[in-house]
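In my numbering, the protein residues as written are 16 to 207.
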């Protein structure tokens, strides 16, 4: 009797589960983060499957075990255009950036989960906190983002990292690529 129930349950699962689509994911994009050579190597095999690709250069600052990104104003505007900056409290929503117009060569804009995280990137410049904003849907170990004018960015000694946006024609191709890519930080995202 127990064997019969188990077989019925197994048969029911075999007929019902395929009807439930687990592949209806709308995540058709991947964000890659790492050193430029690794990101290029991870991106190259998928060129023919991409609808959109964009490459952004950022710098990484590690201070007291915490990692921050440093992004210039031009790059932030490009990321905003692609809606890559997300609300840290609800990453399904685009970030509401209010103070970018206040950024000058005499200050630094800070995105972090808390205004208490007002680390000083450059002690000589005041920091303006502009909310809980992140790149993509996950922080991936990045605690804060500093936005600076392009000239200040160019003068900073940190080496550049790359963030690559890969938007695929099909979500299934994005998922396959995501599973195949190693040696860089990565996250799946939904692109319109």
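We put the beta carbon where it would ideally sit given N, CA and C, even for glycine.
Here's a check: name, in chain order, each residue in its chain whose Cβ is nearer than 7 Å to the Cβ of residue 37, leaving out the five neighbours to either side. Note that residue 37 scores 44 on pLDDT, short of 50, meaning its location in the model is unreliable; the coordinates nonetheless yield the value given after this. Cβ within range, chain order: n/a, list empty.
Is residue 53 near the ligand ATP, going by C-beta to nearest heavy atom under 8 Å? Looking for the ligand ATP in the displayed structure turns up nothing, as the structure carries no ligands at all.
By how many angstroms is the C-alpha of residue 50 removed from the C-alpha of residue 175? Rounded to the nearest angstrom, the two C-alpha atoms are 7 Å apart.
Counting beta carbon pairs with one atom in the segment 44-62 and one in the segment 191-201, are three or more of them shorter than 8 Å? Short answer: they touch.
Cβ-based neighbour list, residue 70, same chain, cut-off 7 Å, excluding 5 preceding and 5 following: Within the same chain, residue 70 has close Cβ partners 177 and 179.
Distance between residue 53 and residue 124 (C-alpha atoms, nearest Å): Rounded to the nearest angstrom, the two C-alpha atoms are 29 Å apart.
Going by the CB atoms, is the gap between residue 173 and residue 143 shorter than 9 Å? For residue 143 and residue 173, no; Cβs fall outside 9 Å.
Is the beta carbon of residue 126 closer than 9 Å to that of residue 160? Residue 126 sits close to residue 160, with the two beta carbons spaced by under 9 Å.
Looking at the structure shown, is residue 158 part of a helix, part of a strand, or coil, going by DSSP? Strand.
Short Cβ contact (9 Å threshold) for residue 138 with residue 122: Contact: no.
Compute the beta-carbon to beta-carbon distance between residue 182 and residue 67, rounded to the nearest angstrom, for a pair I have assumed lies under 8 Å. Correct: roughly 4 Å between the Cβ atoms.
Could you spell out where the beta strand (DSSP E) holding residue 147 opens and where it closes? In the DSSP assignment, residue 147 falls outside any beta strand (DSSP E) and carries neither an H nor an E.
Output the distance between the C-alpha atoms of residue 60 and residue 168, rounded to the nearest integer angstrom. Separation of residue 60 and residue 168 (C-alpha to C-alpha, rounded to the nearest whole angstrom) is 31 Å.
Three-way DSSP call (helix, strand, coil) for residue 142 in this model: Strand at residue 142.
Buried versus exposed call for residue 111 [16 or more other C-beta atoms within 10 Å across all chains shown]: Result: exposed.
Neighbourhood of residue 89 by C-beta distance below 7 Å, restricted to the same chain and skipping five residues each side: Annotation for residue 89: 165 place their beta carbon closer than 7 Å to its own, counting only its chain and skipping 5 residues before and after.
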